[in-house]
Structures are given as structure tokens and as C-alpha cells.
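Scroll down for the structure; my scribbles are underneath it.
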Amino acid sequence: MNNTSKNSKSEKVSPFTYYRISLPADFQTSTSQPHTLLKSLSEILWQRRRLGWQSPLPFRFLIVKDAASSAIRLYFGVPTDRAPAFQSAFGSSYANVHLIPEPTSPAAGLDADRRSVAFSFRKGGHGLEPWLPLAQNHVGNVDDPLGAVLNAIGSDGSSRWAFEVWLTPLRNGRFQRTLQAKAKVPNQSSGSFSLSEVLSEIFGKQLPKKQPQPRTMNEWESAQRQAIRSRLAPGERPFLVSVRVFASGSTSAKAQVHAVLAAMGHLQHQGRIVPKRISKRRLAKAMELGKATHPMWWTSGELTSLVHLPDSRQSSFHYVAASQGLVQPPPKSVRSGLRLGWSNFPGNEEQEIRIPFNQAAKHTFLAGATGSGKTTTLLQIMLGLVSQMQTNPETAPGFTFFDPHGGAIERLLAHIPPSLHSKVHVIPLGPTAYPRGLNLFRMGHRSDAEAVTGEFVTTLQELWPGSRPRSEHYLRNNVLSLLQSPPQTILGIAHLFSDDRFRQDLIPKLPPHLQDFWTSEFAEIRNIADHLGPIWNKLGALTTYPSLRRILGQMKSAVDTRTVMDDGHIVLIDGSGCTTDAVKIIAGLYLIDLHFTCKRRPEHRSRLHIFLGDETHLYAVNVLQKILAEDRKFGLSLFLATQYLDQLPDPILAGILGNVGTLILLQLGGPDADRLTRWLKPDVSSRELMTLPEMNALVRTKLEGGVTELFTMRNPLVTSGNDSWAAQALAHSDRYDGRPADEVDREIEAMYNRSNGGNLGQFPMQ
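Going by the numbering used here, 1378 is the number at position 761 of the sequence shown; the sequence numbering is gapless.
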């Protein structure tokens, strides 16, 4: 065999798979975790050879820092054919730490120049036995050698560093025999022979053999032998270990050498390790190939002091490139569907996270404390829908966004191109020169008169509790009467109770049972306010606030809800500048309108329409439960967001959590985190929900095969966009959806003017 083939054979090493270690920002470690992992490695790092022999396989633990950076990355290198077994063993020891596959060796490309520093370590030194034990289980305390190494390397912001612990398992029998021999008490020997021994050897006379007498040891020798025997503990596993350091790129590396040596001094016990010179090129090549240099015999307890993960409570942890808060790997990539955000899992930061539209149709609940990123998450999801409307205008879902406080709609409009403005409807609830109408009592709902009446009356009672016992009875007859003689508006409720002329014109057009109610039962009531309670005051407010009066007093709704749903339009309801009562009543009416409109669509083949509502607690009405339970098959999906669960009525919250297919959780307060972890146990703790970084979320949903998936994601802040687009979209909606305010005022005055009797027949049906 020629020299070339010999060299190639000697340098042949097992191919490694490398993993970058992604640590949680609040990671805490214990002694048992690394020791358990090392014992697992001692079992899996063996490879069967010919004739049944087994040979050990190497394993690498690397600490790497790039030049001009203080961020330290931790890596494991494992033989490729042992990677699955290692992942399983690692997951058992560190359940909340993730391994990110790396395509290349983190120790590749080390430059051996005059500014570089290279040294390896060996056991012994200062006249000490190399078999004496090192410090064991120094994990997470002030004497932690790893923490000191991280401090030394991280404080050098100019150089590239590579610190490696290379190890491979030893046969336990060999280790035991060797240490027993080293710990054995030496026999006494004079170093000379007696005269009788010399004569017996000459004349062949056998003398009785004397048993060797153990030599008396001094106290220091006895302590050394006892220390060597202590390494034979039954729970320990032996390893062949190489420890080496390479730094390059700056002269400042030499200044940190003493800090690294001092850090390794924390391993000193009865034994110690000391630096040993080695050629820079030789060490660079050995680290690139993953070969040993100056191997030593260590136990798993000793190795635990150096091969473990840093604790977040240590000062050195801030140098480690850790993930911020809880991170979970992304699900299998879905090409189309509702975009929820982007993965925040290290190594997958650019991956979009989508769920299929059939899963999005099963409703979504978003919870997060103030400032956690709810609005940003909603905006990014809607921008994803806008993008799909541009690429798939015939099939992309439309959506409605209800923004009680305003602000988000203007940012969204700045990202909607003019090509979609014909499908954009902006409904401002505050003062505007072009008010939009919303009429639940229009002709389209006449066939559902009784159901609409029931939902409307229930909604009023939920929004303004404290009604008198018979208030529902009076309200129900009132609304049913109005629906029997369209066109009517919600303003007619108060007028029908209080305006005799208006009531007398309506009664002849009603069925007999409603006529009996008005002519007999209602005629005996002296003061309707005594029977309706708080609702009467709220109904009066509908006619008092000009902006709300102009919305609810129009005969025709600004947008055709059926067209919006079937053709994939965008409806943006802006609640800025209006009262809380206005937000409540408009949201309740619009949800009732959506509910009854969608139920007239074909089942299971209607275009998806998503209602995204922020601050859901402001309008948490009973119809939400009906939509959650019934309307998915008609293509209506809810995407509800809130900040405090206690603000939602218990039946509504139970209906939401029991029916939604997707749960998105941003940073939460303590009570809410405790309440929601029952849906996530045992995978996620309440503390992890409380410490989620801003704009980061945990998602629970079902994907392919109906398997529940847990993953984390992020949503970046929305850019400013094009302000001219926002102005154009609003102007387009003013022109096509709104009506001049003075024109609306004249119509309402004509409809409900007491002096002219409120002639109901003078308005055409619309």
C-alpha cells in the first residue's frame, strides 16, 4: 500500500451532522440533564464492525463566535448515522431546547496565521497524576467552567473563536482495569538481593518464596490512590476526550488566552488540566476533520462540568445567541391559504406560515395583552388576503374588519392598490360628510322576520342589561310590526312607541294578533319607559347622535351584504370618533345581518368571507355563538381578537374556545395565561405565554390529517404604505357607498315627521 492510500485511510472520519442549539431566553439547566445526555451518548456512539467488533464514534461540542461580533453560538456534531438517536436522546434531556440543522461544520475555514492562537489541553502537570479526578457537576454555579469560557470568549469582540470538546466513549471494562491498576498500593522493594538469594540462584536450591509486602505510603500518596478509586463510581461512564481552542482574526485573541486558561482552572480538583502546545495548522486541520488531539480519560461526571448548556441566570448567558421567548418549529409548508405570519424558529425565519382556507373557515381566536401586537397581527393577515385578491380575484376570500378604535384601517388602506378600490367599502361610524347606511329592517330580511326580531331583541338586552320583565315582549311586538310593513329603519322603534300618528298609520297593515297588541294591551300603558328600562334611554340615543342617526335612519344599506360575500369584497368599519353605544349597536346589527344573509347561500360551496373583529368584548353578543356553531358551512368565518378574557361573558368565551379551529396567543397577563394553558398542556406553561416577546405568537391549529399542531410565529410591523392610495380608496367609497349628510337628514325628517303623520308609503322600496 502506498503512502497516499495510507494517509487517506488514516484521515478518514465519519461524516458529521451539525446542529445549532436554540436556547430559550429563560432557559434554566440542572446537573441531571447533561449527565443523562452523556450516559445516552455512551450507549449510542458505537458502530458494529466486521466479526462483531464494535468501535466508538466521535461526538463534538463546539462554542463558536465570529469576528466583529460578541454573539456566541453553540453546536453539537454527531455522526450522521447516529443523528436520529441523538435527537431522541437530546429531546428527552432538554425538552424545550431546539436543534437547528446546519449544512456545514462551524469549525471550517480556520485561518492559521501569525495572529491566530491555538492550544490543546492535557491532564496532569505540576507533578500530578493524569489519573486524578477533575471537578464534577459544576453546572450553573459560580464555579461553572463553561460560563467562565463564555465570558472570556464573548468579551473579545474582534476575533473569531472556536472552542471544542471532542469525545468518544470508552469501554467500561478497560477503564475499570486501568484505574484499578493505577490505584493499587505498590509492593515494598529494597532494590537489592540478599546473599541467600544469590547462592540459591547459583546452586539451584529453591528457597521458600516470600509474599510481597505492600509498601507503606505517605498521606499524600494514599490520598491520591483514594482519589483515583473515586472515579470508579457505578453511575459514571468513561470517555476519551480532547479539549482545544483556536482563535484568529485579531491580536486581541492573545489577550484573552489567560481568561480562557483561568476558566479551565475551574475544573481543578485533585487533578487538573493544563495547556499543551500544538501546531496551529495541525489543530486547524484536526478541528476541520473532527479528529482527536491529546486525548484524555474523563468520566461523565467530570465531562458534565464542561459539556452542558448555559443557564440564563448566569452573567455569561447574554453572550449566547438565544431565542427570545418560546419558539416552536413551523408546521409543514402550505403553499396557499390564510397567511398567519412568519416563523420565528431559528433557521426558518423567512418561512411564511399559512393554514388552508378550509381550516380558516373553522374560525380563529386571537388573544393578547395591550401592546403585544394584536393590531399588527390582524393587519398582516389582512395584507395577505389583499395580496391573494390581486393574484386570484375570482376565488380569494373577502373580509370585513371591525376596528372599534380606528387607526388600523388607514394603515391598511395605504396598502390596497387602486385596482381593488371598486371592492373596498369604508364605513366610518363617526361624523362624516357622506354617511353610510345600515338597515337591518330592509326588504331582504322580511322572510326571516321572526328570527331577525329574536336576535335583535336579544342583542339589545345583552348590550344594555337591566331591562324590565316585560320589555322583551314589547320590543318583540314592536320590531315584528315594523318588519311587516317595509321599508322601515331601526329609528322607527322609538317612533312606534311614542308617536301616535306614526302608530295609527302602521296598525291597519299588520296581522290581527299584532293589531290586538297595539289596540288593546299597549293602549293601557301610560309610560312605556317604565316597562323598557335602560333600553328606552339607549333607543333615544339612536335618534340623538347625528352620526348614528344618519347611519341607522337610511332606508338602504350602503353595501349589499350578499354581494360583498359572494364577490369577495372588503368592508372596513371604522369606529373612531363615535360613542361606545354606537360601536355596540352597529357591531351587533352587522353581525346579525351577516348571520342571516350567509344562511341564504349554498352550503359547503360558498365563497369564504372572514369577519375580523378587534376588541370583541365591546360587542360580545349571543349571535356570535350562532355564527360559530352554524355558519361555517355557509362560508362565514369569524376571526375574533380581544385583550382580556374576563371582559368576555363566560358563555361567549366558552363558545369561542369550544368552536374555534385556530387559537393564536400573544403575550398574556397572568390570569389569562393560566386560563388558556388548559388548552395547551402539557406542551406550554402559563409562564411561557406571559414571557412571549412582542409581535410573537403561539398558534394551535389542526392541519393535514386532522393532527393538532403547535408552533410559534412572528409578524413584523406594517410599513407606512402609500398615503395617496388611502385617500383614493376613501374618496371612492364616499362616492359610491355614502350619501350627502343633508340629503339623509331630509329623508329621515320626512319619514318620521310627526306633523305630517309620517306617510309610510311615500318612499320607494330599495
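Glycine included, C-beta positions come from ideal geometry on N, C-alpha and C.
Take residue i and list the residues in its own chain whose beta-carbon comes closer than 8 Å to its own, dropping the five residues that flank it on each side.
i, result
"G1375", "Note that G1375 scores 40 on pLDDT, short of 50, meaning its location in the model is unreliable; the coordinates nonetheless yield the value given after this. Once the five neighbours on either side are set aside, the close Cβ partners of G1375 are H1112, D1116, R1118, F1119, D1122, M1368 and Y1369."
"N1095", "I1110, L1113 and F1114"
"T634", "G694, V695, P696, T697, A700 and P718"
"S632", "Per the sequence shown, the amino acid found at residue 632 is Pro instead of Ser. Result list for P632: P696 and T697, in chain order."
Can you tell me whether residue i is buried or exposed, with buried defined as 16 or more other CB within 10 angstroms of its CB?
i, result
"S807", "Here the model assigns S807 a pLDDT of 49, short of 50, so the residue's position is not dependable and the matter cannot be decided."
"E1366", "exposed"
"V759", "exposed"
"P1125", "exposed"
"Q1264", "exposed"
"H875", "exposed"
"Q608", "What the structure shows of the chain is the stretch from 618 to 1383, and residue 608 is not part of that stretch, so it cannot be assessed."
"V1240", "buried"
"W1296", "exposed"
"V937", "buried"
"I1142", "exposed"
"N620", "With a pLDDT of 46 at N620, under the threshold of 50, the modelled position of this residue cannot be trusted, and the question is left open."
"W748", "buried"
"P1035", "exposed"
"G582", "The chain is shown only over 618 to 1383; residue 582 falls outside these bounds and no answer can be derived."
"A1050", "exposed"
"W783", "buried"
Contact defined as beta carbons within less than 8 Å: I believe residue i pairs with residue j. What is the distance between those atoms, to the nearest angstrom?
i, j, result
"P1052", "R1356", "7 Å"
"Q887", "A844", "4 Å"
"I890", "M881", "6 Å"
"I970", "W959", "6 Å"
"I1168", "L1347", "Going by Cβ atoms, the distance from I1168 to L1347 rounds to 17 Å, so no, they are not a contact pair."
"I1273", "T1017", "That belief does not hold up - the Cβ atoms of I1273 and T1017 are roughly 18 Å apart, past 8 Å."
"P1128", "Q1101", "7 Å"
"L1097", "A1066", "6 Å"
"R1224", "P963", "Not really, about 38 Å apart at Cβ, beyond 8 Å."
"M1182", "G1252", "7 Å"
Excluding the 5 residues preceding and the 5 following residue i in the sequence, name in chain order all residues of the same chain whose CB lies nearer than 6 Å to its CB.
i, result
"D761", "H755"
"T1197", "none"
"K1350", "The residue you asked about is not Lys; residue 1350 is Ser in the sequence shown. Closer than 6 Å at the Cβ level, and outside the excluded window around S1350, lie H1042 and V1043."
"W915", "F856 and V858"
"D928", "Q645, T646 and G757"
"L1149", "S1088"
Can you tell me which of the options puts its alpha carbon nearest to the alpha carbon of residue i?
i, options, result
"G1170", "V1074, P1333 and D1362", "D1362"
"Q1005", "T721, H1186, I1190 and H1130", "H1186"
"Q931", "V1069, F644 and S1098", "F644"
"I638", "I689, R952 and A684", "I689"
"A724", "S950, E1220 and R677", "R677"
"F1019", "A1031, H715, A1199 and R971", "A1199"
"T1279", "P651, E836, F974 and L884", "F974"
"R1249", "P632, H980, Q885 and L926", "H980"
"T646", "Q664, K656, Y692 and N713", "N713"
"S1164", "S1303, P1048 and V681", "P1048"
"D1267", "H1234, R898, F1213 and L1225", "H1234"
"Q926", "Q873, L900, T653 and A702", "What sits at residue 926 in the sequence shown is Leu, not Gln. When only C-alpha atoms are compared, the closest one is T653."
"L983", "G1275, H935, F1256 and P675", "F1256"
"F780", "E853, L878 and S705", "L878"
"Q945", "E1305, E1321, Q1345 and G1322", "E1305"
"A769", "S1337, S950 and A870", "A870"
"K885", "L923, I1026 and Q873", "Correcting the residue type first, residue 885 is Gln in the shown sequence and not Lys. The residue with the shortest Cα to Cα distance from Q885 is L923."
"F1228", "E1027, L995, S1039 and N1144", "L995"
"V1316", "D1291, G1322, A1344 and L1282", "L1282"
Below 7 Å CB to CB, which residues in the same chain sit around residue i once its five sequence neighbours on both sides are set aside?
i, result
"G988", "E1311"
"W1081", "P1151, I1152 and K1155"
"E1079", "V1238 and N1239"
"D1210", "L1057 and T1178"
"R777", "K682, D683, A684, A864, S865 and G866"
"T993", "M1312, N1332, L1334 and V1335"
"Q997", "G958, N1332 and V1335"
"G1192", "D1020, P1021, H1022, G1023, L1046 and V1200"
At a cut-off of 8 Å, would you count residue i as near the ligand GTP, judging by its Cβ distance to the nearest heavy atom?
i, result
"W670", "The ligand GTP is not part of the structure shown, which contains no ligands of any sort."
Between residue i and chain D, is any beta-carbon pair separated by less than 9 Å?
i, result
"A850", "Annotation note: the requested chain D is absent from the structure, which comprises a single protein chain."
Self-check item: Runs of alpha helix (DSSP H) wholly within the stretch 1116-1199 (minimum 4 residues, chain order)
Solution: 1117-1123, 1129-1133, 1146-1149, 1151-1161, 1163-1169 and 1178-1184
Exercise. Taking only runs that begin and end inside the stretch 1087-1118, name each unbroken alpha helix (DSSP H) of 4 or more residues, in chain order.
Key: 1088-1100 and 1109-1115
Exercise. With a floor of 4 residues, list each alpha helix (DSSP H) that falls wholly inside the stretch 871-936, ordered by position along the chain.
Key: DSSP runs (the alpha helix (DSSP H)) wholly in the stretch 871-936: 897-906 and 917-921.
Exercise. Quick one: which unbroken beta strand (DSSP E) runs of 3-plus residues sit fully inside the stretch 965-1001? Chain order, please.
Key: 969-972 and 981-984
Quiz prompt | Contiguous beta strand (DSSP E) assignments of at least 3 residues, all confined to the stretch 735-790 | solution = 777-786
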